[in-house]
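**Q**
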Amino acid sequence: MYKIETHCHNIYSSICGHLNAKQILDLYEKEGYDAICITDHYNMETYEMNDVENAEDKEKAMFKGYFEIKELSKNYNIEVIQGAEVRFKENRNDYLIYGITPNIFANPKEIFEMGIVNFSNYAKQHNLIIIQAHPFRHHKQCIPVSSEFVNGYEGYNHHPRHEDFNEKAFALSTKYNLITTSGSDLHRDIDVESMGGIKSYDLPKDSVDMAEILLARNFILYHKN
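The sequence shown begins at 0 in numbering that gives the first Met the number 0 and counts up by one.
Structure (C-alpha cells):
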C-alpha cells in the first residue's frame, strides 16, 4: 500500500513552519512516504506574511509552499499534492481541504469572509472535501463544527506539541459515520518521531485524486507511534 501524508507545513506559506522544500522531501523520502499533501495555512497570517495583497497572482502567493515543493519533487520519487488548511475570520477553527483545482482559491479575502456554512456550499459546487483539523484543540479555541458542514474530522493529529484529544475527534467522526483521517501536522524535523497519515492501494497524482480516495474511504489510517 502507498503511504500518504495528509497534513504538512513548511516555511514558505505557514508562519509556524520550519522546514524548506529539500528538508521536507528528504524527511518524507527517508520515512518511506509515497505522497505528501501540502496543507499550508490559508488564512490572514499567510496573506500578510507573503504580501498577497500586492501579489499579481494571489493564488500562487498563498500556495507558495506547494509550488516550491512540487517543483523540487521532480528529483524525488514522491507525489506532492496540493491541499490547504483554511481558517475563516469567524473563529479559530481550521479545515483541511482536498480536491483543489486552479482558480478555486484565487480570491483569498472572499474565502476568509465565507465562514464554514457558506464555504460548505462552495465546496460542494467545486467537489472539494472538507476535513475539520484537530476539532478539540481547546487551547487554540477550536470548536467541533456541525457534521452537516464537513465531510469528516481529523481523528488523529500527531502534532507532538499540542493536546488534541484525538480520542474525542475519532469518536465524533465515528458517531456521524464521516471520513476519519490521520495526519502528522508536521512543522519541524523533530516531528518525525510522531508521524501519521493514511495508506491506500491508490496513489494520488493530484488533489482531485486525493479527494476521491478520501471520499471512497479507500484507505486505512497510519500511525508511526
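We put the beta carbon where it would ideally sit given N, CA and C, even for glycine.
Pull up the distance between the alpha-carbon of residue 156 and that of residue 211, whole angstroms please.
**A** Approximately 21 angstroms between the Cα atoms of the pair.
**Q** Check residue 175 in the structure and name its three-state DSSP category.
**A** Reduced to three states, the DSSP call for residue 175 is coil.
**Q** So, residue 82 versus residue 95, is the Cβ gap smaller than 8 angstroms?
**A** Yes; because the gap between Cβ atoms is below 8 angstroms, this pair is in contact.
**Q** Just verifying my parser: in three-state terms, what is the DSSP assignment at residue 198?
**A** In this structure, residue 198 counts as strand in the three-state DSSP scheme.
**Q** Can you tell me whether residue 40 is helix, strand or coil according to DSSP?
**A** Residue 40: strand per DSSP, three-state reduction.
**Q** Check for me: the beta strand (DSSP E) holding residue 83 runs from which residue to which?
**A** Note, residue 83: beta strand (DSSP E), 83-85.
**Q** Between the stretch 127-144 and the stretch 104-112, do three or more beta carbon pairs fall short of 8 angstroms?
**A** Taking 8 angstroms as the limit for Cβ pairs, the verdict is that the stretch 104-112 does not touch the stretch 127-144.
**Q** Per DSSP, what kind of secondary structure is residue 124 in: helix, strand or coil?
**A** Reduced to three states, the DSSP call for residue 124 is helix.
**Q** Between the beta-carbon of residue 37 and the beta-carbon of residue 77, is there less than 8 angstroms?
**A** In this structure, residue 77 does not lie closer than 8 angstroms to residue 37 by Cβ.
**Q** What's the call for residue 20, buried or exposed, on a 16-neighbour Cβ count within 10 Å?
**A** When all chains shown are included, residue 20 counts as buried.
**Q** Anyone know if the C-beta pair for residue 92 and residue 142 falls short of 8 angstroms?
**A** Taking 8 angstroms as the Cβ cut-off, residue 92 and residue 142 qualify as a contacting pair.
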